[in-house]
Structures are given as C-alpha cells and as structure tokens.
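Chemist:
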Amino acid sequence: MEDAFRFSDAWGPSRIIHIHRPSLGLRAILVVDNTACGPAIGGVRMAPDVSTEECFRLARAMTWKNAAAGLPYGGGKAVIFADPRMPTEQKEAIIRAFAGAIRDIADYVAGPDMGTDEVCMAWIKDETGRAVGLPSAIGGIPLDEIGATGFGLAASIDVARQFIGLELKGARVAVQGFGAVGKHAARFLAEKGAILVASSDTSGTVADPDGLDVDALIALKAAGKSLRQHPKGQKLDIDAILDIPCDIWIPAARPDVVRADNVARLRTRLMPQGANIPCTAEAEEALHARGILVVPDFIANAGGVICASIEYRGGTQHAAFDYINERIRSNTRLVLEQARKTKRPPRAAARELAEQRVKAAMLTRRWR
Ligand code: NAD
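With our numbering applied, the sequence shown covers 6 to 373.
As structure tokens, then:
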C-alpha cells in the first residue's frame with residue numbers, strides 16, 4: 006500500500022488534503038473521514054505540534070461521535086500548524102487563507118477546537134458561507150459559555166451512576182481540567198447534590214474532602230487566576246488529582262492522561278470521559294478489569310457537537326439542551342446495558358453502536 010493511503014480502511018478517510026501557502030505561512034491538513042451520514046462536521050485545531058496522524062484520529066473520532074449521537078453528519082477534522090497566540094491580524098489572515106482553501110470542499114463544515122474560537126469560525130463563515138460554533142451576533146449558540154458538553158456529561162453520569170448503585174447526592178467528584186468542559190460538569194453535578202472534592206488545572210490540584218465551592222472556583226478562573234490561588238483547600242501537584250479518593254473521576258483536560266504507568270493510582274468507581282481519548286487502550290482495559298465503569302468519550306462528551314449541529318440547522322439553545330439530554334441519556338443507557346450483557350468494556354459496545362449506524366448509512370449511498 007502506498008504511504009499516502011496508510012490510514013485507509015473500510016470507513017475512510019474519503020479525503021486527506023494538504024494545504025500549503027508558503028507566502029502566507031499557512032500549512033494545514035484537512036481530513037474528511039466518513040460522510041455516509043452527511044457532510045463532515047469537526048473542529049479546526051491550531052497548534053505548532055499537530056500531525057496528519059492526529060488529524061486522522063480526531064476525524065475518525067468525529068465519525069463515531071456524530072453517528073452515535075444520531076446526527077446527520079459525518080466525521081472530519083482540520084489542523085493548522087501554527088501558534089494560536091500569534092497577533093490577531095496574522096491569525097485572521099491565516100484562518101481566512103485556510104477558509105479560502107477549503108471553500109470548495111462542500112462536505113466539510115468547520116467548528117472550533119483547541120486554538121480556534123467563535124471569532125475564527127465567523128471568519129471561516131464569511132469566506133465560505135458555512136461553519137458552526139459561531140458568535141451569537143450571527144446566529145451562534147455559545148456552546149462553551151452555556152456548558153453544552155458539561156451538561157451532557159452530567160446527564161450521562163446521572164444514567165451511569167444507576168449501574169453502580171450510586172446516589173448523586175453526596176457523591177464525591179474529582180475533575181481533571183477546570184475549563185469549558187470540567188467547570189460546567191462540576192456545576193451541573195453540584196446542582197444535583199454532588200460534592201467536588203478536588204480539581205486541577207495546569208497550575209496544580211486543589212482538594213478538600215469536605216467539598217470545594219464550585220461557584221467560587223468558576224469566579225476565580227473567570228478572573229484569570231489559577232486553581233492554586235483559591236484561598237481554601239489543600240494545594241497539591243498537578244498529578245495528585247489521580248490519587249484523590251472519589252466516586253466519580255472526570256478527565257476534562259488532555260488526551261492520554263491515564264496510562265498503564267499511572268492507572269493503578271485512580272481510586273474511583275466511575276469515569277465519564279469529558280476529554281477526548283483521555284486513556285490509552287491499555288489503561289482503559291485495566292479500569293474495566295478493576296470494575297471501574299467507564300463511559301467512553303464519544304458517548305459522554307457529545308454535547309458540544311450536538312449543540313453545534315442544532316445551531317447549523319437554525320435551532321435554539323433550548324432545543325439543543327433537550328436533544329443533548331435525551332440523546333446522551335439514551336446512548337449511555339444503551340451502551341452500558343450492552344456492555345453488561347456481553348461482559349465487554351463499554352467502549353466495545355459504544356463502537357459497535359456507532360459502526361452499526363455508519364454501516365446502515367453507507368448502504369444507502371451509491372459511492373461507499
Ligand atoms: P479548555 O481549554 O477550556 O480547558 C482545559 C482545562 O484543562 C484548563 O483548565 C487547563 O488548565 C486544564 N489542563 C490542561 N492540561 C492539564 C493537565 N495536564 N492537568 C490538569 N489540567 C490541565 O478545554 P475544554 O474545551 O474544556 O476541553 C477539555 C477537553 O475536552 C479537551 O480534550 C477537548 O478536546 C475535550 N472536549 C471539549 C468539548 C467542548 O465542547 N469544549 C467537547 C468535547 C470534548
């Protein structure tokens with residue numbers, strides 16, 4: 006097989022496009038993976054250290070996520086090789102040049118991801134006529150501000166906890182990463198009586214077995230401060246979050262944070278995955294063997310993309326929350342019931358669910 010086809014399998018990708026505009030300093034890759042369910046929706050990631058492989062893995066994850074969520078969209082992803090903290094004028098020029106290069110790729114709809122935001126999406130929409138995750142001034146639903154993914158995560162947890170006989174009232178929660186996903190998940194869970202016993206950000210971990218004040222932590226972050234600057238609670242190092250005894254441990258930061266070398270440190274009963282691919286395959290198997298229930302990322306964290314797809318179809322914030330609640334609850338139940346019945350890890354059951362939906366869609370298409 007030629008090297009150019011090294012990622013190819015029965016699902017895709019249908020296209021990998023390398024974009025190179027030396028005069029503008031633009032280097033980017035677009036992967037349109039499987040579009041049987043509809044045009045591919047997926048984020049644009051801007052970082053200096055991205056790669057074609059990362060872009061492909063993320064695009065494939067979007068294929069499963071969108072299919073599992075029952076959305077009429079396929080999976081795709083784009084990466085731009087650049088430092089997102091560059092001056093705004095330069096960033097706008099690069100994003101607009103990128104948008105120009107993908108203008109005719111009609112089966113890809115861009116969304117925000119690491120290093121890009123709603124303003125970047127507005128530039129792409131301006132150039133191409135399509136993008137999701139837009140500013141509210143042009144019809145967007147501010148998904149990170151309203152906590153669409155954290156809301157879905159909390160809904161997923163409310164279903165999963167029934168599989169291990171856990172009450173949310175009084176449940177001890179630890180959250181790794183107190184950003185758009187983590188802080189809103191903590192807030193929605195606290196509203197249901199759960200207790201945040203620890204959280205971490207890049208500055209370290211703050212912990213209190215009697216419970217941290219979620220609103221105070223959110224206000225602290227909004228003021229541009231770090232969790233270590235919270236006046237209460239014990240201050241620990243960044244990895245100490247792994248050792249916190251809790252009932253629910255939520256990864257909401259980076260990929261591959263739980264690995265074979267540190268998985269034994271976790272002392273929890275449930276791991277709903279807010280971050281994408283937070284565990285290596287080995288670590289996830291170890292969790293399963295220890296009886297720690299995992300709700301896989303593309304089932305538990307689909308709130309954001311559901312919200313984006315509702316926005317794309319002109320829907321309201323209210324409609325987005327209803328859809329997220331209904332779909333994430335039913336998918337979590339379906340996956341965990343199937344995993345229990347077949348005695349397999351939830352990821353295997355989740356993958357089967359997504360594959361069935363993509364396969365059924367592929368059968369309706371002439372070019373598959
Ligand atoms: P964010 O940038 O808003 O927040 C990330 C948080 O993680 C920050 O508080 C940061 O300080 C912290 N962090 C980074 N590295 C850390 C580390 N090693 N240990 C502890 N904390 C660390 O990002 P986000 O939008 O909340 O996304 C978090 C994760 O969830 C990412 O993996 C993202 O791909 C995934 N995700 C996000 C959405 C969404 O709607 N935003 C949807 C699905 C998946």
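We put the beta carbon where it would ideally sit given N, CA and C, even for glycine.
By DSSP's criteria, TRP254 is part of a beta bridge. Which residues make up the other side?
Modeler: Paired residue(s): ALA179.
Chemist: Answer yes or no: do ARG270 and LEU247 have a C-beta to C-beta separation smaller than 7 angstroms?
Modeler: Contact flag set, yes.
Chemist: DSSP state of SER115, grouped into three classes?
Modeler: A small correction: the amino acid at residue 115 is Ala; Ser does not occupy that position in the sequence shown. ALA115: strand per DSSP, three-state reduction.
Chemist: Does the distance from the C-beta atom of VAL183 to that of SER208 stay below 7 angstroms?
Modeler: The question names Val, but residue 183 in the sequence shown is Phe. Not in contact: PHE183 and SER208 (Cβ atoms no closer than 7 angstroms).
Chemist: Rounding to the nearest angstrom, what Cα-Cα distance links ALA258 and ALA83 in this structure?
Modeler: Near 20 angstroms, if we compare the C-alpha coordinates of ALA83 and ALA258.
Chemist: Roughly how far, in whole angstroms, is the beta-carbon of ASP38 from the beta-carbon of GLY79, given that I think they are within contact range, below 8 angstroms?
Modeler: So it is a contact: roughly 7 angstroms between Cβ atoms.
Chemist: Per the DSSP calculation, THR93 is bridged to which residue(s)?
Modeler: Paired residue(s): none; THR93 is not in a bridge.
Chemist: Tell me whether LEU358 sits in a helix, a strand or coil according to DSSP, three-state version.
Modeler: Helix at LEU358.
Chemist: Looking only at C-alpha atoms, which of GLY279, THR337, GLU196, ASP88 sits nearest to ALA353?
Modeler: Among GLY279, THR337, GLU196, ASP88, the Cα nearest to that of ALA353 is on THR337.
Chemist: Can the beta-carbon of PRO277 be found closer than 7 angstroms to that of VAL262?
Modeler: Their beta carbons are not under 7 angstroms apart, which means PRO277 does not touch VAL262 by this criterion.
Chemist: Using a threshold of 6 angstroms, is the CB atom of ASP266 nearer than that to any non-hydrogen atom of ligand 1?
Modeler: No, Cβ of ASP266 sits at least 6 angstroms from all heavy atoms of ligand 1.
Chemist: Kindly indicate the opening and closing residues of the alpha helix (DSSP H) around GLN322.
Modeler: Per DSSP, GLN322 belongs to the alpha helix (DSSP H) from 322-347.
Chemist: Give me the DSSP bridge partner(s) of ASP218.
Modeler: DSSP, once it has assigned bridges, lists no residue as partnering ASP218.
Chemist: Under the criterion of a Cβ to heavy atom distance below 6 angstroms, does SER205 qualify as lining ligand 1?
Modeler: Yes, Cβ of SER205 sits closer than 6 angstroms to a heavy atom of ligand 1.
Chemist: If TYR113 sits next to GLY81, beta carbons under 8 angstroms apart, how far is it from one beta carbon to the other, in whole angstroms?
Modeler: Going by Cβ atoms, the distance from TYR113 to GLY81 rounds to 5 angstroms, so yes, they are a contact pair.
Chemist: Within the continuous beta strand (DSSP E) that includes GLY32, where are the two ends?
Modeler: Note that residue 32 is Arg in the sequence shown here, rather than Gly. Taken as a continuous stretch (DSSP letters only), the beta strand (DSSP E) holding ARG32 covers 31-37.
Chemist: Quick check on the DSSP output: the alpha helix (DSSP H) that includes ALA212 runs from which residue to which?
Modeler: Element bounds for ALA212: not the alpha helix (DSSP H) but the beta strand (DSSP E), 209-212.
Chemist: Return the CA-CA distance between SER28 and ALA102, expressed in angstroms with no decimal places.
Modeler: Approximately 11 angstroms between the Cα atoms of the pair.
Chemist: Runs of 3 residues minimum, wholly inside the region 242-303: which ones carry the beta strand (DSSP E) assignment?
Modeler: Within the region 242-303, the complete beta strand (DSSP E) runs of at least 3 residues are 253-256, 275-277, 298-300.
Chemist: Is there contact between the region 9-17 and the region 85-99, where contact requires at least three CB pairs shorter than 8 angstroms?
Modeler: At 8 angstroms Cβ cutoff, the stretches do not touch.
Chemist: Where do the N-terminal and C-terminal ends of the alpha helix (DSSP H) with ASP163 fall, by residue?
Modeler: Here the alpha helix (DSSP H) through ASP163 covers 153-168.
Chemist: Look at the alpha carbon of LYS96 and the alpha carbon of PRO53, and state the distance between them as a whole number of angstroms.
Modeler: Each residue's alpha carbon lies about 13 angstroms from the other.
Chemist: Looking at the structure shown, is LEU139 part of a helix, part of a strand, or coil, going by DSSP?
Modeler: Three-state result, LEU139: coil.
Chemist: Let me know the secondary structure DSSP gives ILE146 once reduced to three states.
Modeler: ILE146: coil per DSSP, three-state reduction.
Chemist: Quick one: is GLN181 buried, meaning 16 or more other Cβ sit within 10 Å of its Cβ, or exposed?
Modeler: Result: buried.
Chemist: Does the distance between the C-beta of VAL124 and the nearest non-hydrogen atom of ligand 1 fall short of 6 angstroms?
Modeler: For ligand 1, not one heavy atom lies less than 6 angstroms from the Cβ of VAL124.
Chemist: Is the beta carbon of ILE255 within less than 6 angstroms of some heavy atom of ligand 1?
Modeler: Because no heavy atom of ligand 1 lies under 6 angstroms away, the Cβ of ILE255 does not count as near it: no.
Chemist: When every heavy atom of ligand 1 is checked, does at least one fall within less than 6 angstroms of the C-beta of ARG259?
Modeler: Yes, the Cβ of ARG259 comes within 6 angstroms of a heavy atom of ligand 1.
Chemist: For ILE110, does the three-state DSSP call read helix, strand or coil?
Modeler: Three-state result, ILE110: coil.
Chemist: Is there at least one non-hydrogen atom of ligand 1 closer than 6 angstroms to the beta-carbon of VAL186?
Modeler: It does: the Cβ of VAL186 is within 6 angstroms (strictly closer) of some heavy atom of ligand 1.
Chemist: Closest by CA to ILE4, which one among ALA307, SER231, ARG62?
Modeler: Past the boundaries of the shown model lies residue 4; the chain is included only from 6 to 373, so the question cannot be answered.
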